[in-house]
Amino acid sequence: MTTSTNSLQSLKNELKDSPLNLDEMTPRQIVDELDRHVIGQRKAKRAVAVALRNRVRRQKLKPEMAEEIQPKNILMIGSTGVGKTEIARRLARLANSPFLKVEASKFTEVGYVGRDVESIIRDLVDIAVDMRRQEKIAMVAKKAERNAEERLLDLLLPPSPQRKRKAPKGRKATPKRGAPPLATFNKTREKLRRQLREGKLDHRNVELEVPERGFPSFEIIPGQGIEEMDINIRDLLPGILGTRKRKRKMPVEEAIEYLIMEEESRLIDMDQVTREALDRVENSGIVFIDEIDKIAGREAGQGPEISREGVQRDILPIIEGTTVNTRHGMVRTDHILFIAAGAFHVSKPSDMIPELQGRFPVRVEMNSLGKEDFIRILQEPQNALVKQYRELLATEGVRLKFMKSGINEIAHFASVVNETTENIGARRLHTIMEALLEDVSFDAPDLPKKQVIIDAKYVKEQLENIVKDRDLSRYIL
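Residue 523 is where the sequence shown starts when you use the numbering used here, and the numbers rise one by one after that.
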């Protein structure tokens, strides 16, 4: 029984450990919350904090005025690895909003083979429905577990045969002949319940009715508005074909998981889930469009424009506000917050079509990261790399001790490699740390000394030759 709730544990923890109520959070508090996960980039944090606070302000207005106020979409300009995506992702988690990250370069103009831009909203709706469903499941989880437990006990020990036989009118019903006393039955059932909760019955087999699999289905050829959509004949003709089931034997451990999922599905109202998810998408959805600089060029005579101006013109109505048809219902995009990001090394924001430029009134230039930023990134965030590697190797009994000099040297090497090769920002720390701890990670189970001190000397021994060799550092770091 204890393993049955593992799939919901992370969601429950998030609900339990969630920060302040969003309605009560000031922009300053939102920035402070983002500071726990992302180092620096104060301007970008202030911009997204104001955007989030404006949503709360809008909800307090009269409906006619709230309808007129649209979100101020944000354009982040900065090279890779400076925190653009992480800021948007953390903002979505903070607001408990449906969040989708897409790459602008993956989409094509309507009429060409490839994904059309409306699939962004369809994917966002799917995410919102799943989010709301998981929240509802967390609410009914305990009841679902109780119901599943009772059903499983019914399979292990059929319900009491002490049921009274139906008697003719005017005569008293009598218990079924040969039935054991009710007290004995209840005692046996409680004993089985204890054994079930202790896991002593996990390997006993029970027989359950499960839906028949392998029913024929067909896939519609991808096209505008219906790409990647499987249509099942059973869904088209449910009244005619019905739901076919078959009996299947499975261990108690597997059966309890199946019964819990079945009970969860029965206890939640999917129509209500869908309605609430659509409302959440329309009023608090966040879409992060990465690599928008890749479609910003408007050069003429350089091949088909299906990945440039055509895509920009297709994205425009969605950002401006339109209605998109999804399999869960119609969705208005007027109040979805769009955050676009790009390095803009080759193109400039002014290379986007004027109409699209006007849809991103808030522009933030991200700062490049240097040695001091890397030192903070290695230590301060809740999910800091130093903490991650320390916890990983602790599972093997190895204690990593990062000295201040070692962290400074790691940050120095990351900064040097970024300057001499491609600047990939904080992502360079991942490659540096992997190269630094490769030997320790490989030999961890066999190390005689279970403490490894990472100081400046150790870092230099592991990385100096690689960093000096520019060609080698291009491949390894």
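We put the CB at the ideal spot given by N, CA and C, even for glycine.
Small disclaimer: the values here were computed from a predicted structure and weren't measured.
Checklist entry - Going by other Cβ atoms of all chains shown within 10 Å of its Cβ, with 16 needed for buried, is Ile649 buried or exposed? => result buried
Next on the checklist: I believe Gly928 touches Val981 by the beta-carbon criterion, under 8 Å. Please report the beta-carbon distance rounded to the nearest angstrom.
Outcome noted: 5 Å
Item to check | Counted within 10 angstroms of its Cβ, other Cβ atoms place Leu704 as buried (16 or more) or exposed | outcome: exposed
Checklist entry - Closer than 7 Å: is that where the CB of Leu985 sits relative to any heavy atom of the ligand PLP? => result As for the ligand PLP, it is missing from this structure, which has no ligand bound.
Next on the checklist: If I follow the unbroken beta strand (DSSP E) through Ile861, where does it start and stop?
Outcome noted: Leu859 to Gly864
Next on the checklist: On the CB-based measure, 16 or more other CB atoms within 10 Å of its CB, does Gln656 come out buried or exposed?
Outcome noted: buried
Item to check | C-alpha gap between Phe924 and Glu902, whole angstroms | outcome: 14 Å
Checklist entry - Along the chain, which unbroken stretches of the beta strand (DSSP E) at least 3 residues long are found entirely within the segment 831–917? => result 845–848, 851–854, 859–864 and 884–887
Item to check | Closest residue to Ile814 among Asp977, Gly892 and Leu878 (Cα-Cα distance) | outcome: Leu878
Next on the checklist: Using only CA atoms, which one of Glu986, Phe935 and Met888 lies nearest to Thr607?
Outcome noted: Met888
Next on the checklist: Quick check on Ile975: buried or exposed, where buried means 16 or more other Cβ atoms within 10 Å of its Cβ?
Outcome noted: exposed
Item to check | Same chain, Cβ closer than 7 Å to Ser1000, five either side skipped, listed in chain order | outcome: With the chain covering 523 to 999 only, the question about residue 1000 has no answer from this structure.
Checklist entry - Who are the Cβ neighbours of Leu723 in its own chain at under 6 Å, not counting the five residues just before and after it? => result Gln717 and Val774
Checklist entry - Where do the ends of the alpha helix (DSSP H) carrying Leu704 lie? => result Leu704 to Arg719
Next on the checklist: Can you confirm whether the segment 794–801 touches the segment 840–859 when touching is taken to mean that 3 or more C-beta pairs between the two stretches lie within less than 8 Å?
Outcome noted: yes
Checklist entry - In the DSSP assignment, what are the bridge partners of Asp812? => result Glu625
Item to check | Delimiting residues of the beta strand (DSSP E) encompassing Ile659 | outcome: First-last for Ile659: Ser641 to Leu678, but that is the alpha helix (DSSP H), not the beta strand (DSSP E).
Next on the checklist: If you follow the beta strand (DSSP E) that Asn727 is in, where does it begin and where does it stop?
Outcome noted: Asn727 to Pro733
Checklist entry - Whose C-beta lies closer than 7 Å to the C-beta of Arg673 among residues of the same chain, with five residues either side of it excluded? => result Leu781
Item to check | Segment contact flag, the segment 857–877 with the segment 588–603, C-beta cutoff 8 Å, min 3 pairs | outcome: yes
Next on the checklist: For the pair the segment 928–943 and the segment 900–918, tell me if three or more CB-CB distances fall below 8 Å.
Outcome noted: yes
Item to check | Continuous alpha helix (DSSP H) stretch holding Leu969: start and end | outcome: Here Leu969 belongs to no alpha helix (DSSP H), and DSSP marks it neither H nor E.
Item to check | Sub-8 Å separation of Glu506 and Val846 beta-carbons | outcome: Residue 506 is absent from the model: the chain starts at 523 and stops at 999.
Checklist entry - Among residues of its own chain, excluding the 5 on either side of Phe860, which ones have a beta-carbon nearer than 6 Å to its beta-carbon? => result Asn595, Val809 and Ile841
Checklist entry - With a CB to CB cut of under 7 Å and the five nearest residues on each side skipped, what residues in its chain are close to Leu679? => result Thr710, Arg711 and Leu714
Item to check | DSSP beta-bridge partners of Val604 | outcome: Beta-bridge pairing links Val604 to no other residue.
Checklist entry - If we call anything under 8 Å between Cβ atoms a contact, is Arg830 one with Ile817? => result yes
Checklist entry - What are the start and end residues of the beta strand (DSSP E) that includes Pro773? => result Lys767 to Pro773
Checklist entry - Sorted by chain position, which residues of the same chain lie with C-beta nearer than 6 Å to Gly747's C-beta, five sequence neighbours on each side aside? => result Bear in mind that a pLDDT of 47 at Gly747, under 50, signals an unreliable position, so the number given afterwards is only what the model happens to contain. For Gly747, where only same-chain residues beyond five positions count, there are no Cβ hits under 6 Å.
Item to check | Exposed unless 16 or more other CB atoms sit within 10 angstroms - verdict on Asn987 | outcome: exposed
Checklist entry - When the distance is taken between beta carbons, is Pro967 closer than 8 Å to Glu913? => result no
Checklist entry - According to the neighbour-count rule (16 or more other Cβ atoms, all chains shown, within 10 Å of its Cβ), is Pro593 buried or exposed? => result buried
Checklist entry - Are Ala916 and Glu785 touching if we call contact CB-CB under 8 Å? => result no
Item to check | Ranges of the alpha helix (DSSP H) found wholly within the segment 778–810, counting only runs of at least 4 | outcome: 792–806
Next on the checklist: According to DSSP, simplified to helix, strand and coil, what is Arg568?
Outcome noted: helix
Checklist entry - What's the call for Leu922, buried or exposed, on a 16-neighbour Cβ count within 10 Å? => result buried
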